[in-house]
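Note that the working numbering has the sequence shown beginning at 316, numbered continuously upward.
C-beta atoms are modelled at their ideal positions from N, C-alpha and C, and glycine is treated no differently.
Report on the structure given below.
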Amino acid sequence: MKRRGMKLLIKIFLTFFFTALVIIGGVAWLSHSLQPEKQLSRIVEKNALLYIEALHTKLGVNPDDAKMNELYNDLNVSVRIEGHEAWANKKDLPTFQEVDEQSEHKSDLLVVGKYRSYFYAGIKNSSPRAVWFISANDFPRGLLFPFVAIAAFVLLILALSFLTIRWMMSPLKVLLQGVHKISSGDLKYRVRARHTREFQMIGEAFNKMADNLEKMITAKERLLRDVSHELRSPLTRVGVAVDLLPDEKLKASIQEDLKKMEVLVAEILESYRMREGAVALKKSPVNLVELIQHVVEDYHGSVPAIKVNLPSAAEANVDPMQIERVLRNLIENAVKYSLPDSAPIQVSLRKGFCEWQIKVTDDGVGIEQKDITQIFEPFYRADSARTPGKAGFGLGLAIAKNIVIAHGGQLTVSRHGRGCEFLCVLPC
Ligand code: ADP
316 MKRRGMKLLI KIFLTFFFTA LVIIGGVAWL SHSLQPEKQL SRIVEKNALL YIEALHTKLG
376 VNPDDAKMNE LYNDLNVSVR IEGHEAWANK KDLPTFQEVD EQSEHKSDLL VVGKYRSYFY
436 AGIKNSSPRA VWFISANDFP RGLLFPFVAI AAFVLLILAL SFLTIRWMMS PLKVLLQGVH
496 KISSGDLKYR VRARHTREFQ MIGEAFNKMA DNLEKMITAK ERLLRDVSHE LRSPLTRVGV
556 AVDLLPDEKL KASIQEDLKK MEVLVAEILE SYRMREGAVA LKKSPVNLVE LIQHVVEDYH
616 GSVPAIKVNL PSAAEANVDP MQIERVLRNL IENAVKYSLP DSAPIQVSLR KGFCEWQIKV
676 TDDGVGIEQK DITQIFEPFY RADSARTPGK AGFGLGLAIA KNIVIAHGGQ LTVSRHGRGC
736 EFLCVLPC
């Protein structure tokens, strides 16, 4: 196990190591091979025959100053010729003696070197002996400062090592996606991280954990559904028995409790049926504007008030009863979780690219960031201190979300000022 775990570490270490090695080696090699002296040597070597020929034809046996100037102009170099040591078309050209002291013998043909601000090259054994000089100032900048080449090389190596490390780390993305999927409730999601042995092991462990989680949650849900199912008949029988109680006060109190239990049981069963797609939607063309107005009318006089922003018409193919239920839940919550000084609740409808977007925005207690992803989970209720005595069973939003999903839409929530905004998207 320990040896296996080391592998990824070694790989990353080796990648860093080789990258560093290649960068250092490459930069050293580049700066060595791009030295101006080397460039000069290459240029002279390439043109050696040409230079000798030019030397002979242009200068002749006894070169004079005018001819040497002409040569200098033609080749754009300075030149010192044996027998004319005193002559120089630039003042501070090194003497033959100084050149000889600094020279590096490159090949059988060439002598090259650098003296003060001059790079020079001479052809060995030529007669008369001549040395060409190029001033550092005349040398092409790109050759003197091979920074561009070095920078390009370093960037290339960095890009390659970045891509390599990203490729090595890519399974982390897959795992992260798995974590998001599972935490958003998709318990059937499994990861496929076969990249390296280490990630494969993590992937297998992750999938095993997801298997166990799915089994546990499914068992819990089945138990809850079965218990709810089994409770229905006894509740009905208790209701009948309670009707026979002589004490009216006690009877009313028990009936109220029974009613709550019946609602809870009905909501639990409804929630599971909706999630499993066991509720057949009765879809028909519906004018969403009328539907929203109809629901909002029932909240006439509510505090805070409800303001609507609707187009003239909006037709969608939905189950009107179920969508009404969603709207009622959202508006009911917006009213329920409002504060005494809350601004009016906004209900708006607008057309997106190919969907209808219904927004219910309130200025109430709001939802904390940590609750945002869980608010649609069955039985989830946000911090009760924020909503004292208001929260119900925490099933309304779970059912609403399942209804919207069954329509091929989406129900999401986001924070809006201190309140929140629910967005219900329905296909056109
Ligand atoms: P219930 O309201 O019956 O508890 P819901 O499923 O409708 O159940 O809501 C779940 C939880 O989400 C609520 O308990 C509440 O904490 C939070 N909630 C829902 N709507 C809002 C809202 N508009 N503002 C603040 N919190 C809300």
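| Check | Outcome |
| --- | --- |
| Limits of the unbroken beta strand (DSSP E) element including F737 | G734 to P742 |
| A697 Cβ short of 7 Å to the ligand ADP heavy atom set | yes |
| Three-state secondary structure (DSSP) of R730 | strand |
| Boundaries (first-last residue) of the beta strand (DSSP E) holding L603 | Premise fails: L603 lies in the alpha helix (DSSP H), L603 to E612, not in any beta strand (DSSP E). |
| Segment contact flag, the segment 667-681 with the segment 724-732, C-beta cutoff 8 Å, min 3 pairs | yes |
| Assigned exposure category for Q684 - 16 Cβ within 10 Å defines buried | exposed |
| Three or more C-beta pairs below 8 Å linking the segment 658-666 and the segment 615-626 | yes |
| Heavy atom of the ligand ADP within 7 Å of A748 beta-carbon | As displayed, the chain neither begins before 316 nor continues past 743, which places residue 748 out of reach and without an answer. |
| C-alpha distance - L738 paired with D677, whole-angstrom precision | 12 Å |
| When S627, A474, S393 and N522 are compared against L502, the one with the closest alpha-carbon | N522 |
| Residues near I325 by beta carbon distance below 7 Å, same chain, minus five either side | none |
| Inter-residue CB distance, I682 and V728 (contact presumed, cutoff 8 Å) | 6 Å |
| Which listed residue (Y504, T334, I607 and E413) has its alpha carbon closest to that of E630 | I607 |
| Coil, strand or helix - Q672 by DSSP | strand |
| Nonlocal neighbours in the same chain, by C-beta distance under 8 Å from V604, ignoring five residues either side | L625, P626, S627, A628, A629 and L664 |
| Beta-carbon spacing of Y433, V427 below 8 Å | no |
| L664 - partner residues in DSSP beta bridges | I673 |
| Within 8 Å, strictly: CB atoms of I480 and T330 | yes |
| For K496 and M516, the rounded distance between their alpha carbons | 19 Å |
| Coil, strand or helix - P600 by DSSP | strand |
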